[in-house]
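**Q** If you're matching positions, the sequence shown starts at 1 in full-length UniProt numbering and goes up one per residue.
We treat Cβ as the ideally placed atom computed from N, Cα and C, and that holds for glycine.
A quick note: this is a predicted structure, and the numbers were derived from the prediction, not measured.
Please find one structure pasted underneath; my questions will follow.
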Amino acid sequence: MWWGFFIERRISFPVVREALKRQWKLKADYEMVADKDYFFFKFNLKEDKTTVLDAGPVFIAGRIFILQPWSDMTEKEMSQINTIPIWAHLYDVPKKLWSGPGLSCLSSMIGKPLRCDEATAKKTRLNYARICVEVKVGVSLLDVLKTRFEGEEYTVHVDYPWKPLSCSDCNIFGHSTGSCKVEKQWKPAPRRQNFVKKVYKQVSSKDKGQTSGTKENEMIPNAKSDMVPTTTVVAEGA
Numbered sequence: 001m002w003w004g005f006f007i008e009r010r011i012s013f014p015v016v017r018e019a020l021k022r023q024w025k026l027k028a029d030y031e032m033v034a035d036k037d038y039f040f041f042k043f044n045l046k047e048d049k050t051t052v053l054d055a056g057p058v059f060i061a062g063r064i065f066i067l068q069p070w071s072d073m074t075e076k077e078m079s080q081i082n083t084i085p086i087w088a089h090l091y092d093v094p095k096k097l098w099s100g101p102g103l104s105c106l107s108s109m110i111g112k113p114l115r116c117d118e119a120t121a122k123k124t125r126l127n128y129a130r131i132c133v134e135v136k137v138g139v140s141l142l143d144v145l146k147t148r149f150e151g152e153e154y155t156v157h158v159d160y161p162w163k164p165l166s167c168s169d170c171n172i173f174g175h176s177t178g179s180c181k182v183e184k185q186w187k188p189a190p191r192r193q194n195f196v197k198k199v200y201k202q203v204s205s206k207d208k209g210q211t212s213g214t215k216e217n218e219m220i221p222n223a224k225s226d227m228v229p230t231t232t233v234v235a236e237g238a
């Protein structure tokens, strides 16, 4: 069984069914059912499964639709979508690295490698490798990959046909941080507090003769006694 979902608001069952029929163009019939949030599929031909995988995310009425194989962890993952499969196009891949292990090594710099398309596997299209990777929310997608192999350095450029929106506040895909509708906890601004600051002012001696008897440059004991403290109220941050 496979399951599908919209990153954003769900679209009605009839619209999804007709859109997938037009875009997938599968050879055999397939079963499709849905609940209030998700869609479930059962394919009769292995070839049709490959076609669906290669198609990747599908746009329906301006919204992205993701389809994935069902696994034991699926029900736990349904509540919060914080990982998602996307396609990455890797350009300038050295022929030395155009292999299963080589492409996995390169694509692992982006996310978790899942699979490649048929043209990449059979090397019938060599201008770029098309790799499906699972990415986590909050992780920046690299546009350039740098690697070293057999003493030589290589630079691989990456293009993404589609980049998902993600929110760093609620840590899920489907919307940007700026458009997040989750109510944020209000925190009051820190209050400005007053504190007492002592300022010393020089007091002139009324009788200059008081200093007679001391020699020039001689230290006067308790020199600070000529400083009279006054109190000034200063606002914090001044």
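1. According to DSSP, is Gly4 part of a helix, a strand, or is it coil?
2. With DSSP collapsed to three states, give me the class of Lys27.
3. Measure the C-alpha to C-alpha separation of Gly4 and Val135 and round it to an integer number of angstroms.
4. Just checking my contact of Asn44 with Ala28 at CB under 8 Å: how many whole Å lie between their CB atoms?
5. Among the candidates Asp37, Ser107 and Asp159, whose CA atom is the shortest distance from the CA of Phe65?
6. Is Glu153 near the ligand GDP, with its Cβ less than 6 Å from a heavy atom?
7. Round the Cβ separation of Tyr128 and Tyr91 to the nearest angstrom and send it over; I've been treating them as touching at under 8 Å.
8. Tell me whether Phe39 is buried or exposed, calling it buried when 16 or more other Cβ atoms sit within 10 Å of its Cβ.
9. Since Val33 sits in a beta bridge, which residues does DSSP pair it with?
10. Across which residues does DSSP place Glu152 in a beta bridge pair?
11. Taking the alpha carbon of Arg130 as the reference point, which residue from Val16, Ile86 and Pro14 has its own alpha carbon closest?
12. Just mark Ser107 as buried or exposed, buried being the case when its beta carbon has 16 or more other beta carbons within 10 Å.
13. Compare the C-alpha of Leu53 against each of Gln23, Glu18, Ile7 and Asp143 and name the closest.
14. In three-state terms, what does DSSP make of Thr120?
15. Alpha carbon to alpha carbon, what distance is there between Lys46 and Leu26?
16. Specify the secondary structure class of Pro69 as computed by DSSP and reduced to three states.
17. Based on DSSP bridge pairs, tell me the residues matched to Glu134.
18. Please report the Cβ distance between Pro101 and Phe149, rounded to the nearest whole angstrom; I am assuming they are in contact, meaning their Cβ atoms lie under 8 Å.
19. With a CB to CB cut of under 7 Å and the five nearest residues on each side skipped, what residues in its chain are close to Gln68?
20. Taking the C-alpha atoms as reference points, what is the distance between Ala88 and Val158?
21. Only counting the same chain, and skipping five residues up and downstream in sequence, which positions put a Cβ closer than 6 Å to that of Thr147?
22. Does DSSP classify Ala19 as helix, strand or coil?
**A** The answer reads as follows:
1. Look at Gly4 here: in three-state DSSP terms it is strand.
2. Here Lys27 sits in coil by DSSP.
3. Roughly 17 Å separates the two Cα atoms.
4. So it is a contact: roughly 5 Å between Cβ atoms.
5. Selected option, being the one with the closest Cα: Asp37.
6. Of the ligands one can find in the structure shown there are none, so the ligand GDP has no counterpart to examine.
7. The C-beta distance from Tyr128 to Tyr91 rounds to 5 Å, short enough to fall under 8 Å.
8. Taking all protein chains in view, the Cβ of Phe39 is crowded by 16 or more other Cβ atoms within 10 Å, so the residue is classified as buried.
9. Within the DSSP secondary-structure output, Val33 pairs in a beta bridge with Phe40.
10. Bridge partners of Glu152: Phe149.
11. Taking only the C-alpha atoms, the option nearest Arg130 is Ile86.
12. Around the C-beta of Ser107, 16 or more other C-beta atoms lie within 10 Å, and the residue is accordingly described as buried.
13. Of Gln23, Glu18, Ile7 and Asp143, the residue nearest in Cα terms is Gln23.
14. Three-state DSSP puts Thr120 in a helix.
15. Those two C-alpha atoms are separated by around 11 Å.
16. Residue state for Pro69 is assigned as strand, using DSSP reduced to three classes.
17. BP columns for Glu134 point to Pro85 and Lys112.
18. The distance from the Cβ of Pro101 to that of Phe149 is about 11 Å, inconsistent with a contact at the 8 Å cut-off.
19. Result list for Gln68: Trp2, Trp3 and Pro85, in chain order.
20. Spanning the two alpha carbons is a distance of roughly 7 Å.
21. Cβ neighbours of Thr147 within its own chain (closer than 6 Å, five residues either side excluded): Tyr154.
22. In the structure shown, Ala19 adopts helical secondary structure according to DSSP, grouped into three states.
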